[in-house]
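First residue of the sequence shown: -1, per this note's numbering; consecutive thereafter.
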Amino acid sequence: MFDETLFYLYYHSLLNRRDQTALRRDVITPYHAEHGVPRWTGDEMFAGHLNAPEVVSFLRHRRPDVAFAMCVSDYFRKELRATPKQGVFLWHEGITPEYRGLYSPFWAVHNLEFEAIGYTVLCMDDAVDAGAVYVQGRAQNVDPLRHGHLYLGHKAIIDSLPAVARLLGELEAGTARPLQRAGGIARAYTYPGLSDFIRQRWRLWASARKARAQSAKG
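Take a look at the structure:
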């Protein structure tokens, strides 16, 4: 945990503000200017734990057709997942099954798999970050050399909004079907350490240098 703590302190001391500023300037503010600032006017509740009895009771009382989960680290028990009529959908800032778990954008860049910087919406099953995939795609107009994992993850979610809107319409019409995609190797990731960050930066630098050299050769 020491390595992970070092990365957390380094990122939040030196890089977080940069990502937050770029995210607000390039993504959030333009979105609000075009679509307005979203306001939640429905019911809400707070609980000490995701699977607390009062959470299940809250959902059962309202009988939702579907539920969405985002940025959660708790496991959804079967009782909770079975409450919405059409299940609980995970809105994940990564491509699954290759990038399950935490910090998916960070690890995609670390592995130089830039095509895996994206989003997935799946209907949860018993496994972690797993289930039938209904929406999946790549983040657009991102630069791993300039943008950190915070920016990349939030940009991916923003880019997924039109596809998620279509999914909601399909769920309501009863026409939603999972995507058919073969060949993905399931991998799960956790918190990165400072050594992982240094390795990521080195790989990015080496990759960019190689690309420039090849371009110069013409």
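Each residue gets a CB set at the ideal place from its N, CA and C atoms; glycine is no exception.
These figures come from a predicted structure and were not determined experimentally.
(1) Taking the Cβ atom as the reference point for each residue, do VAL107 and GLN198 lie within a distance shorter than 7 angstroms?
(2) Of all the alpha helix (DSSP H) runs that stay within the bounds of the region 88 to 114, which reach a length of 4 or more residues?
(3) Would you say HIS147 and LEU21 are within 7 angstroms of each other, going by their C-beta atoms?
(4) The beta strand (DSSP E) that contains GLY135, what's its start and end?
(5) Where DSSP assigns a beta bridge to MET122, which residues make up the other side?
(6) Start and end of the alpha helix (DSSP H) containing PHE66?
(7) Tell me whether MET122 is buried or exposed, calling it buried when 16 or more other Cβ atoms sit within 10 Å of its Cβ.
(8) For HIS33 and ARG201, what's the separation of their Cα atoms in angstroms?
(9) In whole angstroms, what is the alpha-carbon distance linking CYS69 and TYR149?
(10) Which word fits ARG98, buried or exposed, when buried means at least 16 other C-beta atoms lie within 10 angstroms of its C-beta?
(11) The alpha helix (DSSP H) with GLY167 in it runs from where to where?
(12) Going by DSSP, what residues sit across from TYR73 in a beta bridge?
(13) Give a yes or no on whether the C-beta atoms belonging to SER193 and ASP1 are separated by under 7 angstroms.
(14) Would the region 5 to 14 count as touching the region 133 to 141 if we require 3 or more Cβ pairs under 8 angstroms?
(15) Specify the secondary structure class of TYR189 as computed by DSSP and reduced to three states.
With the given structure in hand:
(1) Position 109 of the sequence shown, counted from the first residue, corresponds to residue 107. Position 200 of the sequence shown, counted from the first residue, corresponds to residue 198. Yes, Cβ-Cβ distance for VAL107 and GLN198 is below 7 angstroms.
(2) 102 to 108
(3) Within the sequence shown, numbered from 1, the residue matching residue 147 stands at position 149. Within the sequence shown, numbered from 1, the residue matching residue 21 stands at position 23. Contact: no.
(4) Residue 135 sits at position 137 when you count from the first residue of the sequence shown. Per DSSP, GLY135 belongs to the beta strand (DSSP E) from 129 to 136.
(5) Here residue 122 corresponds to residue number 124 of the sequence shown, with the count starting at 1. DSSP output for MET122 lists GLY129 as bridge partner(s).
(6) Residue 66 sits at position 68 when you count from the first residue of the sequence shown. PHE66 -> not in any alpha helix (DSSP H); beta strand (DSSP E) instead, spanning 65 to 67.
(7) Reading the sequence shown from its first residue, position 124 is the one you call residue 122. MET122 should be labelled buried.
(8) The count along the sequence shown starts at 1 and reaches residue 33 at position 35. The count along the sequence shown starts at 1 and reaches residue 201 at position 203. Whole-angstrom Cα-Cα distance: 38 angstroms.
(9) Counting from 1 along the sequence shown, the entry for residue 69 is found at position 71. Counting from 1 along the sequence shown, the entry for residue 149 is found at position 151. Rounded to whole angstroms, CYS69 to TYR149 spans 14 angstroms at the Cα level.
(10) In the sequence shown, the residue the question calls residue 98 occupies position 100. By the beta-carbon neighbour count (other beta carbons within 10 angstroms, threshold 16), ARG98 is buried.
(11) Position 169 of the sequence shown, counted from the start, is the residue given in the question as residue 167. Taken as a continuous stretch (DSSP letters only), the alpha helix (DSSP H) holding GLY167 covers 147 to 171.
(12) The residue labelled residue 73 in the question sits at position 75 within the sequence shown. Its beta-bridge partners do not exist; DSSP assigns none.
(13) Here residue 193 is taken as the residue at index 195 of the sequence shown, counted from 1. Here residue 1 is taken as the residue at index 3 of the sequence shown, counted from 1. Yes, they are a contact pair.
(14) Short answer: they don't touch.
(15) Here residue 189 refers to the residue found at position 191 of the sequence shown. It is coil, neither helix nor strand.
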